[in-house]
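A.B. asks:
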Amino acid sequence: MAATLAAVSVNAAVVTNGSFETPDIPGGSSAVFFVPGETMGAGWVVDPASGSAVLILRETLGVHPAVLDGDQYAVIGVAPDFATIRQDVALDAASYRLSFQLAAAETISDAGISVDILRGGTSVVGGPAGFSVPTGSGFMDQSLDFTTSTADNYRIVLTATAGATAIDAFQITAIPEPSSVAVLAAISLPLVIRRRR
Numbered sequence: 575m576a577a578t579l580a581a582v583s584v585n586a587a588v589v590t591n592g593s594f595e596t597p598d599i600p601g602g603s604s605a606v607f608f609v610p611g612e613t614m615g616a617g618w619v620v621d622p623a624s625g626s627a628v629l630i631l632r633e634t635l636g637v638h639p640a641v642l643d644g645d646q647y648a649v650i651g652v653a654p655d656f657a658t659i660r661q662d663v664a665l666d667a668a669s670y671r672l673s674f675q676l677a678a679a680e681t682i683s684d685a686g687i688s689v690d691i692l693r694g695g696t697s698v699v700g701g702p703a704g705f706s707v708p709t710g711s712g713f714m715d716q717s718l719d720f721t722t723s724t725a726d727n728y729r730i731v732l733t734a735t736a737g738a739t740a741i742d743a744f745q746i747t748a749i750p751e752p753s754s755v756a757v758l759a760a761i762s763l764p765l766v767i768r769r770r771r
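For the sequence shown, the working numbering begins at 575 and goes up steadily by one.
1) How should V649 be labelled, buried or exposed, when 16 other C-beta atoms within 10 angstroms of its C-beta is the threshold for buried?
2) T735 to I687, Cα distance in whole Å?
3) Could you tell me if T696 is buried or exposed, where buried requires 16 or more neighbouring beta carbons within 10 angstroms of its beta carbon?
4) The beta strand (DSSP E) that contains T681, what's its start and end?
5) Sorted by chain position, which residues of the same chain lie with C-beta nearer than 8 Å to I749's C-beta, five sequence neighbours on each side aside?
6) Just how far apart, CA to CA, sit T658 and V628?
7) What whole-angstrom Cβ distance do L595 and G651 have, given they're in contact under 8 Å?
8) Using the rule of at least 16 other Cβ atoms within 10 Å of the residue's Cβ for burial, across every protein chain shown, is D726 buried or exposed?
9) Could you tell me which residues DSSP puts in a beta bridge with F594?
10) Is it right to say E680 is buried, meaning 16 or more other beta carbons lie within 10 angstroms of its own, or is it exposed?
11) Should A677 be labelled buried (16 or more other beta-carbon atoms within 10 Å of its own) or exposed?
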């Protein structure tokens, strides 16, 4: 039975530094700035063609949204000077959900971001998907479902499109196929019945 469960388990792909907790912001500072071409601690890289520096902020900055995961988050540009960051991840051929949190890092405008998943420079989601949140909303959960047809390296590309875009808590989770869910249900039902006796 353990082998069957392992075969249908849902695994999370590793997004390095998905909550922007690296590097630690030095004591007395509220931000660390990153210029185009620079790695943001680990995992994320500011695109060399990006028009903006990227900063990581502490949760404790007064007007900024409260962080739900860790104590730091990233702001990728402030209108009209937007930034693009990217990260490469290895994925098997499967269906996935990229989930993250988005907020407006200021109180004067909405925030927007486009998200794309690339393989060899070609989008696997049909082009960038847009997400936005209203001013003052705080961090809100967002997600993008996608399918990879081949095991390979894929690139997550994030571009700010409006306001002061605050992002946090990126992760990729495999979406189980319907047949896998049916197998898990068939295995679980006898266990539930046996436990009730």
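Every residue, glycine too, gets a C-beta built ideally from N, C-alpha and C. As the structure is a computational prediction, the values presented were derived from the model and not from experiment.
C.D. replies: On the basis of the data shown:
1) For this step, residue 649 is matched to residue 75 along the sequence shown. With 16 or more other Cβ atoms within 10 Å, it is buried.
2) As a position in the sequence shown, residue 735 is number 161, starting the count at 1. As a position in the sequence shown, residue 687 is number 113, starting the count at 1. Rounded to whole angstroms, T735 to I687 spans 5 Å at the Cα level.
3) Taking the first residue of the sequence shown as 1, we reach residue 696 at position 122. In this structure T696 is exposed. Its beta-carbon is surrounded by fewer than 16 other beta-carbon atoms within 10 angstroms.
4) Numbered from 1 along the sequence shown, position 107 holds the residue referred to as residue 681. Per DSSP, T681 belongs to no beta strand (DSSP E) and is neither H nor E.
5) Along the sequence shown, one-based indexing puts residue 749 at 175. The answer, listed in chain order, is V584, A668, S669, Y670, R671, D719.
6) The residue labelled residue 658 in the question sits at position 84 within the sequence shown. The residue labelled residue 628 in the question sits at position 54 within the sequence shown. Taking the straight line joining both Cα atoms gives about 9 Å.
7) Along the sequence shown, read from residue 1 onward, the residue named residue 595 stands at position 21. Along the sequence shown, read from residue 1 onward, the residue named residue 651 stands at position 77. The residue asked about is misnamed: residue 595 is Glu in this sequence, not Leu. Wrong, their Cβ atoms sit about 20 Å apart, outside the cutoff.
8) To locate residue 726, count along the sequence shown from 1; it is residue 152. It counts as exposed.
9) Residue numbering aside, residue 594 sits at position 20 when the sequence shown is read from its first letter. DSSP lists no partner for F594.
10) As a working mapping, residue 680 is identified with position 106 in the sequence shown. With 16 or more neighbouring CB atoms inside 10 Å of its own CB, E680 falls in the buried class.
11) The sequence position of residue 677 within the sequence shown is 103, counting from 1. Under the 10 Å beta carbon count, A677 is surrounded by 16 or more other beta carbons and is classified as buried.
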